[in-house]
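Q:
2 protein chains.
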Amino acid sequence: MTAMELFTTQGYEATSVAEILKRASVNSGSLYYFFDNKHDLLVAGLEFFKTLLYPIVMQPAFSREADPIERIFAVLADYRHRLLMTDLDYECPVGKLALEVARHSPAAREKIAENFAAWRDHMRDCLDQAADRLPASVDRNSLAIFVLTTMEGAVMQARTHRDISFYDSSIANLRVYFGYLLSEVPST
Amino acid sequence: MTAMELFTTQGYEATSVAEILKRASVNSGSLYYFFDNKHDLLVAGLEFFKTLLYPIVMQPAFSREADPIERIFAVLADYRHRLLMTDLDYECPVGKLALEVARHSPAAREKIAENFAAWRDHMRDCLDQAADRLPASVDRNSLAIFVLTTMEGAVMQARTHRDISFYDSSIANLRVYFGYLLSEVPST
DNA sequence: GTCTATAACTCGATAGAC
DNA sequence: GTCTATCGAGTTATAGAC
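Pasting the structure below:
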């Protein structure tokens, strides 16, 4: 979906329908034949995004690392890579739209929440696989939320400051935190 | 600044100059006498925001708590309060604009970075005051960045899911992390 | 299903009187 | 310094031919 590329890089409001049409080499009539309006296009795009999450975001990282904890940090390493590849102009597309459209569009907000939930569930699956190495007191769902929190906040700061060290600092702290958690259960 | 209220709640692009004028009961001529254009108004507003950071965000929390570590969590507790007061529709105004305008406006991006830096510096001051209770290996600036990361990511998720538990989960994990750090240095 | 033309409207910004 | 009127461009969405 060409529209989503523009929505997620420029913002929903900042992207005109005319620009989408030009970039996609489509005519107005065709677009409005398939979608009721601009907002409908956004919601459809967010639904499509959800289907891309595993193949684009998770699978490449998971295929590099077998250890469930390392898989989490491999996903985070890929976000670092995206930041560097875009000259520190990358932003999590879902997070970006989360802040822009959540207020005025319940339908889009719901789709964004589903994207967040799917991301977090993949992280929680990793944590579940490493359950025996974590203290029993750890709420793995809550910890998965915290991983997403860290990614979103870290990307936001690195992009704003145009400095990867803000990303690295946040991930390093998450690493130390995981180090404490994992050290609580001695490996046998 | 009435304009900033609209920019930060609705977004910069989604707020028309006409709407600002109406809400502020001002006429077009007056606004453009003081500001060159809409963008100039945004940058001026962000500069003004920076001056509000201490009296609005920090001072109320600091006055409740004397302990530097508790001051950090008091600031975070105030963000929780803002979420609840707005029916889970609050978003950090600086973070929101960070994602929307950073790409197309270097001047605004710079001002947003200054706001982030000021926030983080207040947190680092707290950590510096508690330096003797933290392991020497802790990079306090990096940890302050991590606190901001946590706040931004936690607010984003709570607002998107319209569920305060996402905020609470993230802050709880930060608490546990601080617990590990503080327990490394036995109090005398 | 896709095309072009355009309707209906709102946008940011300006001009010129006071 | 503040007012009203308005410009010209750009906006989303539609109409009607093919």
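Those protein sequence lines, which keep their order, are chains G and Y.
Under the numbering used here, read the first sequence as residues -18 to 169, first letter to last.
Under the numbering used here, read the second sequence as residues -18 to 169, first letter to last.
Just so you know, even glycine gets a beta-carbon here, dropped at the ideal spot from N, CA and C.
What residue range does the alpha helix (DSSP H) around Pro74 of chain Y cover?
A: Segment 74 to 82, the alpha helix (DSSP H) holding Pro74 of chain Y.
Q: Please confirm if Asp109 of chain G has its CB atom under 8 Å from at least one CB of chain Y.
A: Chain Y contact via Cβ: absent.
Q: Please return the same chain residues whose Cβ sits closer than 7 Å to the Cβ of Asp70 of chain Y, not counting the five positions on each side in sequence.
A: Around Asp70 of chain Y: Arg140.
Q: Taking CB distances under 8 Å as the criterion, tell me whether Glu28 of chain G reaches chain Y.
A: Not closer than 8 Å to any Cβ of chain Y, the Cβ of Glu28 of chain G fails to qualify, so no.
Q: Taking a contact to mean a Cβ-Cβ separation below 8 Å, would you say Val56 of chain Y touches Leu115 of chain Y in this structure?
A: Cβ distance not < 8 Å, so Val56 of chain Y and Leu115 of chain Y don't count as in contact.
Q: Is there contact here, the segment 119 to 134 of chain G with the segment 94 to 104 of chain G, by at least three beta-carbon pairs under 8 Å?
A: Cβ pair count under 8 Å is three or more, so yes.
Q: Consult DSSP for His62 of chain G and reduce its assignment to one of helix, strand or coil.
A: Reduced to three states, the DSSP call for His62 of chain G is helix.
Q: Does any residue of chain G have a CB that is nearer than 8 Å to the CB of His142 of chain Y?
A: By this cut-off, His142 of chain Y is an interface position.
Q: Measure the beta-carbon distance from Gly134 of chain Y to Gly134 of chain G and round it to whole angstroms, keeping in mind my assumption that it falls under 8 Å.
A: Indeed they touch by this definition, with Cβ atoms about 4 Å apart.
Q: Could you tell me the distance, in whole angstroms, from the CA atom of Ser118 of chain G to the CA atom of Cys73 of chain Y?
A: Cα to Cα, Ser118 of chain G sits roughly 31 Å from Cys73 of chain Y.
Q: For Ala94 of chain G, which residues in chain Y fall below 7 Å Cβ to Cβ?
A: The contacting residues are Thr141, His142.
Q: With a threshold of 7 Å (Cβ to nearest heavy atom), would Gln138 of chain Y be considered close to the ligand SAM?
A: Among the ligands in the structure shown, none appear at all, so the ligand SAM cannot be discussed.
Q: With DSSP as the reference, label Tyr(-7) of chain G as helix, strand or coil.
A: Three-state result, Tyr(-7) of chain G: coil.
Q: Could you tell me the distance, in whole angstroms, from the CA atom of Arg90 of chain G to the CA atom of Ala79 of chain G?
A: Their backbone Cα atoms lie some 7 Å apart in a straight line.
Q: Return the residues of the segment -7 to 7 of chain Y that lie within a Cβ-Cβ distance of less than 7 Å from chain G, sorted by chain order.
A: Answer set for the segment -7 to 7 of chain Y: Glu(-6), Ala(-5).
Q: In three-state terms, what does DSSP make of Pro41 of chain Y?
A: Note: Pro41 of chain Y maps to helix in three-state DSSP.
Q: Would you kindly check if the distance between the Cβ of Ala(-16) of chain G and the Cβ of Leu22 of chain G is under 8 Å?
A: Taking 8 Å as the Cβ cut-off, Leu22 of chain G and Ala(-16) of chain G qualify as a contacting pair.
Q: For Ala175 of chain Y, would you say it is in contact with chain G, using Cβ-to-Cβ distances shorter than 8 Å as the test?
A: Here chain Y has residues from -18 to 169 only, and residue 175 of chain Y is not among them.
Q: Would you check if the segment 106 to 115 of chain Y and the segment 44 to 58 of chain Y touch, i.e. whether three or more CB-CB distances between them fall below 8 Å?
A: Yes, since at least three Cβ pairs between the segment 44 to 58 of chain Y and the segment 106 to 115 of chain Y fall closer than 8 Å, the two stretches touch.
Q: When you compare the CB of Asp84 of chain Y with every CB in chain G, is at least one pair closer than 8 Å?
A: Strictly speaking, residue 84 of chain Y in this sequence is Arg, with Asp absent from that position. Answer yes: the Cβ-Cβ gap between Arg84 of chain Y and chain G drops below 8 Å somewhere.
Q: How is the alpha helix (DSSP H) around Met104 of chain G delimited, first residue to last?
A: Note, Met104 of chain G: alpha helix (DSSP H), 87 to 110.
Q: Compute the beta-carbon to beta-carbon distance between Gln138 of chain Y and Leu129 of chain G, rounded to the nearest angstrom, for a pair I have assumed lies under 8 Å.
A: Contact holds; Cβ gap of about 7 Å.
Q: Along chain G, in chain order, which residues have C-beta atoms closer than 7 Å to that of Ser171 of chain Y?
A: Outside the displayed range of chain Y (-18 to 169) lies residue 171 of chain Y, so it cannot be described from this structure.
Q: Can you tell me whether Arg143 of chain G is helix, strand or coil according to DSSP?
A: Reduced to three states, the DSSP call for Arg143 of chain G is coil.
Q: Assuming Glu165 of chain Y is part of the alpha helix (DSSP H), what are its boundary residues?
A: Taken as a continuous stretch (DSSP letters only), Glu165 of chain Y belongs to no alpha helix (DSSP H), as it is neither H nor E.
Q: Along the segment 154 to 165 of chain Y, what residues have a CB closer than 7 Å to any CB found in chain G?
A: Answer set for the segment 154 to 165 of chain Y: Asn154, Tyr158, Tyr161.
Q: Report yes or no: is there a C-beta of chain Y within less than 8 Å of the C-beta of Phe(-12) of chain G?
A: No, Phe(-12) of chain G lies away from the interface with chain Y (no Cβ there is under 8 Å from its Cβ).
Q: For the alpha helix (DSSP H) that contains Thr32 of chain Y, what are its first and last residues?
A: That run of the alpha helix (DSSP H) goes 19 to 33.
Q: Answer yes or no: do Leu96 of chain G and Lys31 of chain G have a C-beta to C-beta separation smaller than 8 Å?
A: The sequence given here places Asn at residue 96 of chain G; Leu does not occur at that position. Taking 8 Å as the Cβ cut-off, Asn96 of chain G and Lys31 of chain G qualify as a contacting pair.
Q: Are there 16 or more other CB atoms within 10 angstroms of the CB of Ala94 of chain Y, so buried, or fewer, so exposed?
A: With 16 or more Cβ atoms within 10 Å of its Cβ, Ala94 of chain Y is classed as buried.
Q: Between Ala79 of chain G and chain Y, is the shortest Cβ-Cβ distance under 8 Å, so that the two count as touching?
A: Yes, its Cβ sits closer than 8 Å to a Cβ of chain Y.
Q: Does the Cβ of Ser1 of chain Y have 16 or more other Cβ atoms within 10 Å, making it buried, or fewer, making it exposed?
A: Correcting the residue identity first, residue 1 of chain Y is Ile in this sequence and not Ser. Per the 10 Å Cβ criterion, buried.
Q: If the cut-off is 7 Å on Cβ atoms, which residues from the segment 95 to 106 of chain G count as contacting chain Y, listed in chain order?
A: Correct list: Phe97.
Q: Taking only three categories from DSSP, how would you classify Phe16 of chain Y?
A: Reduced to three states, the DSSP call for Phe16 of chain Y is coil.
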